[in-house]
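Written out below as structure tokens is the structure these notes cover.
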Amino acid sequence: MKDQFSTGVATIYRVDSSLLMDSWGGESIVYNPRSGETHQLNELAVEILTILEAQPASLTILTQKICTIFLVEDQEDLTNQLERLVGQLDSLGLIEPTASES
Amino acid sequence: MKVSDYSLDELVDQAGSHDGFSLDIGPFVVNIRSREQRFLETLQVLYQHFPVAPPHSFIDFHLSVTRPSNHRRWVKSQVLFLIDGRVLFEPFPLDHATPLFEWGLNWCIATRAHQNLMLHSAVVEKNGKAMILPAFPGSGKSTLCAALAQRGWRFLSDEFGLIRPRDGQVIPIPRPTPLKNESIEVIREFAPEAVLGPSFPKTRKGTVAHLRAPEESVRWLREVATPAWIVFPQYQAGSEVQLTGVGKPYALFKLATNAFNYEVHGTAGFALVRDLVKSCDCYNLVYSNFDDVIARLDDLVLASHGI
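Protein chains in written order, with this note's numbering: chain A, 1 to 102; chain B, 1001 to 1307.
And the structure:
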């Protein structure tokens, strides 16, 4: 993942459109046809996929939206957590960098 | 014709012939060539109620159980398992021909029979509804499944939960159940009338003895069953029966990641497991006493019928 703060460039992420997801009462399972892997997701990961499915976004935008949804006050702490989670989702092939914006 | 219609001499003659002996185990026909009398004797006991495939049937697996043609033939006898005439595995001691055959047949099914989704699970059925018991190390699913099969549940499978992709039905494959170590005596005590083959000590999984499927279960070899429950069993010494509902994502994830060929089916495999989980009630089951756990599972069946 590019460091948007040191380079001034923010990576835009999008969801792999081939993913299959199913949810039951806040718990979700996602199947990635490209890897053949199945993943059990927590609520935060599902929210990230939902946001990115609606519209590709940078980590900054994602953080703002997640803060609003989960009523988080400490945005810096959440940014660190999201950065790790976005990196994991990227490495699993569930999301992918699509472009960068200055 | 059934295997029981053959005398041992006839079975030995047929299996030793060029055409071999074709055993119908439900979804597959297995052609066996062998001259090993003790192996064939055990095969006859364990598969006694199964049909023999008529001549010129389509054969799914051509298997041979035979001694290697080298000097060890006279020193310390060994036995080979051949698939389509090819040796893919190291030889076993001759007196372990039965475990080698059962293990080799498992390998054939798990690696080649991808027309169905293959869950790694036992399956039993009562009143037309199937219960899937997924296999996890130490869970005791084979022993539990064996006990249920001795108490009026139809036995569909010990190892392969074969799910038919077109309609999600479970296909029976009631081959012998390999009981291991303490489970052998446990089942002998629980069901003295149960028929077990010889004990094979010092296999890779300790001592193994194979439990023959009840005749009634083999009689229903062609009858698929509708899945109704997915139950993750866990034997825990001294525990009371605890049957606890689990979330469907948990069940889906555990089933899918423990299946033999889920990845092979791709997106269709995910959809199949998802639909299976959606159509079933899913539970974790902790148990120790057979009578108690069977009574609890019988209650589950009655409750599903509104009784």
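Cβ atoms here follow ideal geometry from the backbone N, Cα and C, with glycine treated the same way.
TODO: Determine, using beta carbons only, whether Ala1256(B) comes closer than 7 Å to chain A.
DONE: Reading the second sequence from its first residue, position 256 is the one you call residue 1256(B). Yes, Ala1256(B) lies at the interface with chain A (some Cβ there is under 7 Å from its Cβ).
- [ ] Assign Phe5(A) to one of three DSSP states: helix, strand, or coil.
- [x] Counting from one through the first sequence, the residue named residue 5(A) turns up at place 5. Any reading at Phe5(A) must be qualified, since the residue scores a pLDDT of 46, below 50, and its modelled position is unreliable; the value itself is stated next. Three-state DSSP puts Phe5(A) in a helix.
Task: Residues, ordered as in the chain, of the segment 1029–1051 of chain B that lie near chain A by beta-carbon distance below 9 Å - done: none
TODO: With Arg1188(B) as the anchor, note down where its beta strand (DSSP E) starts and where it stops.
DONE: Start at 1 with the first residue of the second sequence, and residue 1188(B) comes out as number 188. Counting along the chain, Arg1188(B) falls outside any beta strand (DSSP E), though it belongs to the alpha helix (DSSP H) covering Glu1182 to Phe1190.
TODO: Return the chain-ordered list of same chain residues with a C-beta closer than 7 Å to the C-beta of Ile1294(B), the five sequence neighbours on each side being excluded.
DONE: Within the second sequence, residue 1294(B) is the residue found at index 294, counting from 1. Result list for Ile1294(B): Ala1147, Leu1148 and Arg1151, in chain order.
Open item on the list: Between the segment 1237–1253 of chain B and the segment 1178–1194 of chain B, can you find at least three pairs of beta-carbon atoms closer than 8 Å?
Closed with: Contact between the segment 1178–1194 of chain B and the segment 1237–1253 of chain B is not established, with fewer than three Cβ pairs separated by less than 8 Å.
- [ ] Compute the distance between the beta-carbons of His1120(B) and Asn1261(B), then report whether it is under 7 Å.
- [x] The sequence position of residue 1120(B) within the second sequence is 120, counting from 1. The sequence position of residue 1261(B) within the second sequence is 261, counting from 1. Cβ distance not < 7 Å, so His1120(B) and Asn1261(B) don't count as in contact.
Open item on the list: Quick check on Gly26(A) - is its C-beta less than 7 Å from some C-beta in chain E?
Closed with: The structure shown contains no chain E; its protein chains are A and B.
Open item on the list: Counting beta carbon pairs with one atom in the segment 51–64 of chain A and one in the segment 11–19 of chain A, are three or more of them shorter than 8 Å?
Closed with: yes
Task: Where Val1124(B) falls: helix, strand or coil (DSSP) - done: Here residue 1124(B) refers to the residue found at position 124 of the second sequence. It is a strand residue.
- [ ] Consider the Cβ of Tyr31(A): report whether some Cβ of chain B lies at a distance smaller than 7 Å.
- [x] On the first sequence, position 31 is the one that residue 31(A) refers to. At least one chain B Cβ lies under 7 Å of Tyr31(A).
- [ ] To the nearest angstrom, report how far apart Ser100(A) and Arg1164(B) are at their CA atoms.
- [x] Position 100 of the first sequence, counting from 1, holds the residue named residue 100(A). Position 164 of the second sequence, counting from 1, holds the residue named residue 1164(B). Cα to Cα, the separation comes out at about 46 Å.
Task: the ligand MG heavy atom lying under 6 Å from the CB of Cys1282(B) - done: The model on display carries no ligand, and the ligand MG is accordingly not part of it.
- [ ] Within its chain, find whatever has a CB closer than 6 Å to the CB of Val1286(B); leave out the 5 residues flanking it on each side and keep chain order.
- [x] As a first step, residue 1286(B) must be located in the second sequence, where it is residue number 286. The residues are Gln1234, Gln1236, Ser1239 and Gln1242.
Task: From Leu1144(B), Ile1171(B) and Thr1177(B), residue whose alpha carbon lies closest to that of Glu1159(B) - done: On the second sequence, residue 1159(B) is found 159 positions in, with the first residue counted as 1. Ranking Leu1144(B), Ile1171(B) and Thr1177(B) by Cα distance to Glu1159(B) puts Thr1177(B) first.
- [ ] Tell me whether Leu1023(B) sits in a helix, a strand or coil according to DSSP, three-state version.
- [x] Counting from one through the second sequence, the residue named residue 1023(B) turns up at place 23. Three-state result, Leu1023(B): strand.
Open item on the list: Could you check whether Val1065(B) and Phe1089(B) sit closer than 7 Å to each other, using their CB atoms as the reference points?
Closed with: Here residue 1089(B) corresponds to residue number 89 of the second sequence, with the count starting at 1. Here residue 1065(B) corresponds to residue number 65 of the second sequence, with the count starting at 1. Their beta carbons are not under 7 Å apart, which means Phe1089(B) does not touch Val1065(B) by this criterion.
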